[in-house]
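So the sequence shown is numbered by numbering that gives the first Met the number 0: it starts at 0 and just counts up by one.
Everything on this sheet refers to the single structure shown next.
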Amino acid sequence: MSDEIKLVVADDHPIVRKGLVQIITAAPEINVLAEAGDGETALKLIKELRPDIALLDINLPGMTGFDLILKIEEKKLPVKVIFLTMHSEEELFNEAMDLGAQGYLLKDSAVSEIVEAIKRVAAGHSYISAAITAYLLNRSRRATEFTRKSKGLADLTPTERRVLRLIAEYKTSKDIADELGTHYRTVENHRTNICRKLDIHGSHVLLRFALRYKTELL
């Protein structure tokens, strides 16, 4: 049917994955196009099948769910991402939201909640497990702090700003070194200095910062 929701499911536990597919396919408006047990396969299926939504575990082998959503953004694939995970830690939730996920569900969510989340995200809304909605209250504070850190852009040298622009284009340190005509380790030093000046730390954080403030780097 024309208004069906096309879905790809990725989880490395076959029993969990099969159970999810069985639950989801009971909803007539949702069409599970394919399933994957690792990140590389999931990315291949998303590129080939162009689903509306990808329901992803975070801890996928080979390429994690976070790595996968970065690839989706890099390749500009028109798919919305919902993470379905056992991790209820606020840090992981915030990283998922910062990376652009439209949904975050815990694996102990009720069957009805999983289906409702898929429908809501397909309709253009976000959906967070009821058990962790309190985390949303802290995101406004974090956004304010992140904006404060953006003022540190004025402290960057012209070369550091250029490196940050290239990071926002998903270029690796080797790519940037080739473009600037310098050594790979020099670029790594620039990245370290940028993080120090902006007071940002953690996995993927520099890329997230560069993407968020890309227009301010022009």
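Every residue, glycine too, gets a C-beta built ideally from N, C-alpha and C.
Distances from the alpha-carbon of Thr-24 to those of Glu-39, Leu-98, Lys-118 and Leu-76 put Lys-118 closest.
Counting along the chain, no alpha helix (DSSP H) covers Ala-153, and no H or E run does either. Burial is judged here by how many other beta carbons sit within 10 angstroms of a residue's own beta carbon; Arg-184 has fewer than 16 and is exposed.
For Lys-106, the closest alpha carbon among the candidates Val-204, Gly-123, Leu-76 and Leu-54 is that of Leu-54. Annotation: Ile-22 to Val-204 spans about 35 angstroms, alpha carbon to alpha carbon.
Taken through DSSP and simplified to helix, strand or coil, Gly-102 comes out as strand.
Burial check for His-189: the Cβ neighbour count within 10 Å reaches 16 or more, so the residue is buried. Under the Cβ criterion (8 angstroms, minimum of three pairs), the segment 30-38 counts as touching the segment 11-20. DSSP lists Ala-35 and Leu-55 as the bridge partner or partners of Ala-9.
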